[in-house]
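K.L.:
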Amino acid sequence: MYDINDIMKVLPHRYPMLLVEKILELEPNVRAVGLKNVSNNDPYLVGHFPDNPIFPGVLMVEAMAQVAGFLSLVSLKKEGTIAFFSSVERAKFRKVVRPGDTLIMEAKVTKVKLPFCKMSCTAKVEDKLVCEAELMFYLPK
0 MYDINDIMKV
10 LPHRYPMLLV
20 EKILELEPNV
30 RAVGLKNVSN
40 NDPYLVGHFP
50 DNPIFPGVLM
60 VEAMAQVAGF
70 LSLVSLKKEG
80 TIAFFSSVER
90 AKFRKVVRPG
100 DTLIMEAKVT
110 KVKLPFCKMS
120 CTAKVEDKLV
130 CEAELMFYLP
140 K
């Protein structure tokens, strides 16, 4: 397991945009599983929406991308560089995510043709699918 300090050694993101608190599982070149606890204290919930806070769908995609980026960078031994989004395909939002929920994101490598890497990603709350997408990254040399 990787904690927030380990994650910050690999990913360039910082609060409030670092959306992964732990990497629970890592199989280099295969898959990674990460965790995000959604809290009332998250700054992006203040206006989304007052009196009915919902974790933004676009941030679910970003959280999945951070897990996928962590997997890519560790697998290729490029810690501390940036994995850039090059495409988001088939993004679907299945359920609402609220404060108090624990978001579990999984990224699986589906294709690597450097400098590009494609991942199939899911996000779940209590083992129920809340978001899914196919993400592609550009990994600079």
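Numbering follows numbering that gives the first Met the number 0, with no gaps: position 83 of the sequence shown is 82. Even glycine gets a Cβ: it sits at the ideal position worked out from N, Cα and C.
(1) Terminal residues of the continuous alpha helix (DSSP H) containing Gly68?
(2) Evaluate Val37 with the Cβ neighbour count: other Cβ atoms within 10 Å of its Cβ, from every protein chain shown; 16 or more gives buried, anything less gives exposed.
(3) Taking 6 angstroms as the limit between beta carbons, can you name the residues of its chain near Ala64, skipping five residues before and five after?
(4) Measuring CB atoms only, is the region 37-54 touching the region 68-77, in the sense that at least three cross pairs come out at less than 8 angstroms?
(5) Taking C-alpha atoms, which residue in His12, Val124, Leu128, Glu61 lies nearest to Arg97?
(6) Have a look at Gly46 and Val95 and give me their C-alpha separation to the nearest angstrom.
(7) With respect to the beta strand (DSSP E) encompassing Asn36, which residues constitute its N-terminal and C-terminal limits?
(8) Rounded to whole angstroms, what is the Cα-Cα separation between Leu58 and Arg89?
(9) What are the boundary residues of the beta strand (DSSP E) that Val124 is part of?
(10) I'd like to check one pair, Phe83 with Phe136: are the Cβ atoms closer than 8 angstroms?
P.N.:
This is what the structure holds:
(1) 56-74 is the span of the alpha helix (DSSP H), which, as asked, contains Gly68.
(2) Residue burial annotation: Val37 is buried, with at least 16 other C-beta atoms found within 10 angstroms of its C-beta.
(3) Correct list, in chain order: Leu134.
(4) Judged by Cβ distances under 8 angstroms, the region 37-54 makes no contact with the region 68-77, as fewer than three pairs qualify.
(5) In this structure, Val124 is the residue among His12, Val124, Leu128, Glu61 with its C-alpha nearest to the C-alpha of Arg97.
(6) Separation of Gly46 and Val95 (C-alpha to C-alpha, rounded to the nearest whole angstrom) is 16 angstroms.
(7) 30-36 is the extent of the beta strand (DSSP E) around Asn36.
(8) Taking the straight line from one Cα to the other gives about 16 angstroms.
(9) Where Val124 is concerned, the enclosing beta strand (DSSP E) stretches over 115-124.
(10) Contact: yes.
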